[in-house]
């Protein structure tokens, strides 16, 4: 099956620093990738839709200047959390879509901001 | 906007028994996709089963099957011969077939416990 990787799987950083999370589709090309945030015991909350070669589309309430998304190629999207604060601590999941009827998820990244 | 409702926050089943997880959705569209995803403690989201709305036949994947009732906007998941490895959070999700609307809309999830 299709594989999506995320790196790093977990990261701890100090408040005020920036953190970059990579999402790669390993065996397929994805014109569209998605970034989600998941709080403990809750569902996935879509943050933004990332399209290769164009600006990301952010969901209402998501700060685009804080969560920078870049979709530089058909297999790579990055999420940068800028000036991270403890409230940004969460589990971040990406997914990639090779077609409209399919969407595959990465293993997630646990971010802890001290 | 589309919404997905999972009315069972938690369910439990005995090993080898059958369990059904409920999902209803609201949409004005006629063409869409419905999914069930499994999220075990590892938190990796795993696709369990997919249904295209234009197909009347219910999807089946080994021990997993769905009961898709389009008119009632219902999409339940049946797990037969439950195994310990089936214990996880299960999320129902909707995706429009309309161009430019590729995002998934998730329900709040059902936590399934499998008792030995």
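Protein chains in written order, with the numbering used here: chain R, -2 to 111; chain G, 54 to 169. For every residue, glycine included, the Cβ atom is placed at its ideal position computed from N, Cα and C. Since we're looking at a predicted model, the values are computed, not measured.
Contact set for residue i: own chain, Cβ-Cβ below 6 angstroms, skip 5 residues either direction
i              : result
residue 61(R)  : 55
residue 150(G) : 84, 85
residue 133(G) : 71, 116
residue 88(R)  : 35, 105, 107
Beta-carbon contacts of residue i that lie in its chain and below 7 angstroms, excluding the five residues immediately before and after
i              : result
residue 102(R) : 1, 90, 92
CB contact check: residue i to chain G, cutoff 8 angstroms
i              : result
residue 43(R)  : yes
residue 97(R)  : yes
residue 86(R)  : no
residue 5(R)   : no
residue 70(R)  : no
residue 120(R) : One cannot answer for residue 120(R) here, as it falls past the ends of chain R, which runs -2 to 111.
residue 31(R)  : yes
Residues that residue i bridges to, as DSSP identifies them
i              : result
residue 106(R) : 89(R)
residue 29(R)  : 48(R), 94(R)
residue 155(G) : In the DSSP output, where bridge partners are listed per residue, residue 155(G) has none listed.
Backbone secondary structure at residue i - three-state DSSP
i              : result
residue 41(R)  : strand
residue 65(R)  : strand
residue 79(G)  : strand
residue 60(R)  : coil
residue 95(R)  : strand
residue 84(R)  : helix
residue 76(R)  : strand
residue 4(G)   : Any question about residue 4(G) goes unanswered here, given that chain G covers just 54 to 169.
residue 108(G) : coil
residue 73(G)  : strand
residue 0(R)   : coil
8 angstroms Cβ shell around residue i - same chain, five flanking residues per side excluded
i              : result
residue 166(G) : 63, 64, 65, 66, 140
residue 104(G) : 86, 87, 88, 111, 112, 119, 121, 128
residue 50(R)  : 68
Interface flag, residue i vs chain R, CB-CB below 8 angstroms
i              : result
residue 150(G) : yes
residue 117(G) : no
residue 161(G) : yes
residue 157(G) : yes
residue 147(G) : no
residue 78(G)  : no
residue 105(G) : yes
residue 121(G) : no
residue 128(G) : no
residue 143(G) : no
Cβ neighbour criterion (16 or more within 10 Å) applied to residue i
i             : result
residue 58(G) : exposed
residue 54(G) : exposed
Under 7 angstroms from the C-beta of residue i: neighbouring residues of chain B
i             : result
residue 90(R) : Chain labels in this structure do not include chain B; the protein chains are R and G.
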